[in-house]
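See structure below.
Number of protein chains: 2
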Amino acid sequence: MASDLTTMGQAAQTAETQLAQLSTTQRNAGLTAMAQALVDHQDVILAANQADLTSATDLKESFVDRLTLTADRIEAMAEGMRQVAQLPDPIGSVDKMWKNEAGLMIGKQRVPLGVIGIIFEARPNVTADAAALCFKSGNAVMLRGGKEAIQTNIAVSDVLRQALTDNGVDANAIQLVHDTSHETASEMMALTGYLDVLIPRGGRGLIQRVVQQAKVPVIETGAGNCHIYVDEFAELQMAIDITVNAKVQRPSVCNAAEKLVIHSAVAADYLPAIAAALRDQGVQLRGDDRACAIVPDMVAATDADWDEEYNDLIMAVKVVDSEAEAIAHINAHNTKHSEAIITDNYQNGQRFLQQIDAACVYINASTRFTDGFEFGFGAEIGISTQKLHARGPMGLNELTSTKYIIYGDGQVRK
Amino acid sequence: MASDLTTMGQAAQTAETQLAQLSTTQRNAGLTAMAQALVDHQDVILAANQADLTSATDLKESFVDRLTLTADRIEAMAEGMRQVAQLPDPIGSVDKMWKNEAGLMIGKQRVPLGVIGIIFEARPNVTADAAALCFKSGNAVMLRGGKEAIQTNIAVSDVLRQALTDNGVDANAIQLVHDTSHETASEMMALTGYLDVLIPRGGRGLIQRVVQQAKVPVIETGAGNCHIYVDEFAELQMAIDITVNAKVQRPSVCNAAEKLVIHSAVAADYLPAIAAALRDQGVQLRGDDRACAIVPDMVAATDADWDEEYNDLIMAVKVVDSEAEAIAHINAHNTKHSEAIITDNYQNGQRFLQQIDAACVYINASTRFTDGFEFGFGAEIGISTQKLHARGPMGLNELTSTKYIIYGDGQVRK
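Residue numbers (this note's numbering), protein chains in the order written: chain X, 855 to 1268; chain A, 855 to 1268.
Okay, structure coming up:
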């Protein structure tokens, strides 16, 4: 298989050479054509998806739901591609330009990263989403999706590639790895010299495997053990509204809150009301000793709870005696994703913002806002939880690198 | 040893928590104190260096020269630290801030990367340089230098750490790995959860070993197979001046030119003069068939020459029939570091800038300018040849990450 991946890597680099030189108009035309092709060929895609679903008998309902395509979902994929076409083009802009001591004009220009690898689970919509964002930002992409969606992914990628060919664009700008074995995934993670970056999209197991195995640079995404800290100066109603929203509005995603940390000065007053509101929404609560003493029918939390990402209607509650204790607890257990303080106290809010180590730190707002669309980026490829290259929601800009372009008139170094 | 590194990693994280909260004034005071301590304790450092030199009997002269400290070199290290203290503080500034649809104020603030690992060869000055840049940018650092310099490195780091302690700063902001075995280096490369990034500084062998082995994110630095392309519209004198400067001004460094690519339309005219000027400076020339036909006493270049970084007074010469051929050759063989075109033709210059894939692309200037000081950054930790996070000379800004700080007034996601 290594030779196949190497061949794909070479083809991606060749395509990238063309892609990086396409105008904004040409890239947008490609996106629009791919969107139309998805709609035009939905019968082929739906048939392939049906074949995948037929094989997927032993899987969880939520898994099958994510795997399933319908005409509406294909239209949503197409609409996503059209929206990416509408976004500003990040490529070519010069962030800054200056003249140095020697008189050189030095400009920092945005360029594509090059060839991006995406390893993802059985969610066929990722094929179109990731392809659109990579294509718009001038990057060739090698996609490797979960084996349960392989027939759907082949159908989708064939449709997208044909649309590129029809538009005079090298179809190898978008390639799907057809072999879904673990061995091939491991080889892809080691494809140095071809892949400029690898972005895993999926659960913690997948991401950890990629981080442990990859030899190409990786952007870690998605793990979210997010906290709401209800300070002693919080307003009760705001604490209820934000905690409930952060926990239940979409519990399966990474920016949903998993933990509630509450100051002891207000715990006896506030916790019963917050707990009742959460339970009204079907949330199971797990508490430390002091939380259980206030709301006795909570399950006792174990040490493991503080590090767990439930992605479910479960929330663990911890009572602290100071903001400093809250910050120390959160920094010790969080996944550096999104954290929020609810407070009316200026100093406490500022201190939380400065001392919490996370991609996104909120005062008086739900962690659910950590999202490329909500941030105004128009779309996102994922949410980076590492500090290198990109942190937080990653839009088109985060799929670029830079290059210094330098205009001289004969300068030599003294 | 793993437990030692883990202990060091924990201590680095604890120190980082304090360091990230220090004011600019406090960090600058630490740098000034460390600089003074180097000068005050130069006897101890020189004695340790003498012990290293006594053990270093079988080594190359250039290696011994880099390993050797003198009172002047220690003063230069101290002066470097004082200069870093003078540089603008990158930490805390908010690059941009905007209000989103929901009314959240979202700011992108510069924060330290966290804990930086530096693996370097037997150059004791790197200990002080890297420590200064990491400290200024609010990062804790774990340094692992070459075994030949271990006694010097211990003396330097002890002096720096004592100066921090005397200034009320946690000395573990700067830690040296005393065990210089390969096993410990490998364990350091796998220290995920403690190191936010690893930066290797040294020769290609070291860098490749780090890239292959590391599980923590790496920034690749330094490999430079740089080209000068003399276009058919080049001025002869400028071609001579820039080629000679780029090759001979400091041949051992990564931004020195290793290859000359010349257009066939001017090769017969220009190459004898350029070759003569290079030979006057002691450069050995290796040519392809056409270059050798013009300057017959060149050595014949082999295929391996096009990919080799000599770091020496050697230059290989290739004749091409078009700019496109030059660009394709350079993109196929370069290390994505620095490339230059010499031309008076507007279109050819612009095309070269856009189509060459490298950190720094020059029109009519020497590749030797790729340097943090020359770019106006004041200092550099290295020159990144990868596309992720940082590309080209890395100053203080490249040692930072960002964090979104978000001010709300009760927003929940709809």
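Glycine is no exception: its CB is placed at the ideal position from the N, C-alpha and C atoms.
Within 8 angstroms, strictly: CB atoms of residue i and residue j
i, j, result
"P1054(X)", "V1064(X)", "yes"
"F1206(A)", "N954(X)", "no"
"Q963(X)", "K1257(X)", "yes"
"A1121(A)", "V1173(A)", "yes"
"V1149(A)", "G1136(A)", "no"
"L958(A)", "I1260(A)", "yes"
"L1242(A)", "H1243(X)", "yes"
"L1132(X)", "M1152(X)", "no"
"G1246(X)", "I1237(X)", "yes"
"A1044(X)", "R998(X)", "no"
"D1175(X)", "S1118(X)", "yes"
"V969(X)", "L1049(X)", "yes"
"L1250(A)", "L1018(A)", "no"
"A1194(X)", "Y1216(X)", "yes"
"V918(X)", "A910(X)", "yes"
"Q1066(A)", "K1069(X)", "yes"
"E1163(X)", "R1058(X)", "yes"
"N1099(A)", "R1267(X)", "yes"
Partner residues on chain A for residue i, Cβ-Cβ distance less than 8 angstroms
i, result
"W952(X)", "G1230"
"V1051(X)", "K1241, L1242"
"I973(X)", "Correct list: empty, because the minimum Cβ distance to chain A is about 16 angstroms."
Beta-carbon neighbours of residue i, restricted to chain A and to distances below 7 angstroms
i, result
"S1220(X)", "Q1265, V1266, R1267"
"D1142(X)", "Those within 7 angstroms of D1142(X) in chain A number zero; the least Cβ separation is about 23 angstroms."
"M1092(X)", "G1264"
"I960(X)", "F1229"
"T922(X)", "Under the 7 angstroms cutoff, chain A gives no residues; its nearest Cβ is about 25 angstroms from T922(X)."
Closest by C-alpha distance to residue i, when choosing among the options
i, options, result
"A1025(A)", "V1031(A), L1014(A), D1033(A)", "L1014(A)"
"I1094(X)", "A874(X), G1236(X), D1085(X), I1128(X)", "I1128(X)"
"N1202(A)", "H1191(A), N1188(A), I1181(A), S1192(A)", "I1181(A)"
"D912(A)", "E1002(A), I970(A), M862(A), G946(A)", "E1002(A)"
"H1032(A)", "S877(A), I1004(A), V1010(A)", "I1004(A)"
"I945(X)", "L1125(X), E915(X), R881(X)", "R881(X)"
"Q875(X)", "I973(X), I1210(X), Q864(X), A1027(X)", "A1027(X)"
"C1108(X)", "G1232(X), V1098(X), T1189(X), H1117(X)", "T1189(X)"
"N1007(X)", "A1100(X), H1036(X), I973(X), D858(X)", "I973(X)"
"D1157(X)", "A984(X), C1214(X), Q937(X), H1183(X)", "H1183(X)"
"I1210(A)", "V965(X), R1267(X), M1248(X), V1010(X)", "V965(X)"
"A883(X)", "F917(X), G1022(X), E1086(X)", "G1022(X)"
"S820(X)", "A865(X), A982(X), E1112(X), K990(X)", "Here chain X has residues from 855 to 1268 only, and residue 820(X) is not among them."
"I1073(X)", "T1254(X), G863(X), Q1204(X), A889(X)", "T1254(X)"
"F1227(X)", "D1134(X), Q1062(X), Q937(X)", "Q937(X)"
"T1224(A)", "G1047(A), A1110(A), L1125(A), Q1265(A)", "A1110(A)"
"D858(A)", "E1037(A), D1263(A), Q1062(A)", "E1037(A)"
Interface partners of residue i on chain X, CB under 8 angstroms
i, result
"N1099(A)", "V1266, R1267"
"S1255(A)", "K1241, L1242, R1245"
"I1128(A)", "The premise fails here: I1128(A) is roughly 14 angstroms from chain X at the closest Cβ pair, so nothing lies under 8 angstroms."
"K1069(A)", "V1065, Q1066"
"D1095(A)", "G1264, V1266"
7 angstroms Cβ cut-off: residues of chain X touching residue i
i, result
"C1214(A)", "Y1258, I1260"
"L1207(A)", "I1259"
Beta-carbon neighbours of residue i, restricted to chain A and to distances below 9 angstroms
i, result
"L967(X)", "K1241, L1242"
"A956(X)", "A1219, F1223, E1228"
"D1198(X)", "Within chain A, no residue comes near D1198(X); the closest Cβ sits about 10 angstroms away, beyond 9 angstroms."
"Q875(X)", "Q1208, Q1209"
"Q1103(X)", "V1266, R1267, K1268"
"L1046(X)", "Per the sequence shown, the amino acid found at residue 1046(X) is Thr instead of Leu. Per Cβ cutoff of 9 angstroms: V1065, Q1066."
Interface residues of chain X facing residue i [CB-CB closer than 9 angstroms]
i, result
"D949(A)", "Here the premise fails: no neighbours, minimum Cβ distance about 10 angstroms."
What runs of the alpha helix (DSSP H), each 4 residues or longer, lie entirely inside the segment 980-1030 of chain A?
1004-1020
Validate contact between the segment 920-934 of chain A and the segment 1204-1220 of chain A using beta carbons, cut 8 angstroms, 3 pairs
no
Please specify which runs of the beta strand (DSSP E), each continuous and at least 3 residues long, are wholly inside the segment 1125-1186 of chain A, giving them in chain order.
1138-1141, 1168-1174
In the segment 1082-1129 of chain A, which residue ranges form an unbroken alpha helix (DSSP H) of at least 4 residues, counting only runs that do not cross its ends?
As far as the segment 1082-1129 of chain A is concerned, its whole alpha helix (DSSP H) runs of at least 4 residues are 1090-1102.
Does the count of Cβ pairs from the segment 1094-1109 of chain X and the segment 1003-1018 of chain X closer than 8 angstroms reach three?
no
Closer than 8 angstroms is the cut-off here; do at least three beta carbon pairs connect the segment 1163-1179 of chain X with the segment 1073-1089 of chain X?
With the cut-off at 8 angstroms, the segment 1163-1179 of chain X and the segment 1073-1089 of chain X touch.
Can at least three beta-carbon pairs, one atom from the segment 930-946 of chain X and one from the segment 968-982 of chain X, be found at a separation below 8 angstroms?
Under the Cβ criterion (8 angstroms, minimum of three pairs), the segment 930-946 of chain X counts as touching the segment 968-982 of chain X.
Hey, which unbroken runs of the alpha helix (DSSP H) at 4 residues or more fall wholly within the segment 1182-1233 of chain A?
1200-1209
Is it true that the segment 908-928 of chain X meets the segment 887-896 of chain X, where meeting means three or more beta-carbon pairs spaced less than 8 angstroms apart?
yes
The segment 858-871 of chain A in contact with the segment 979-997 of chain A per 3-pair CB rule at 8 angstroms:
yes
If we require 4 or more residues per run, which alpha helix (DSSP H) segments fall completely within the segment 882-944 of chain X?
896-909, 915-921, 925-940
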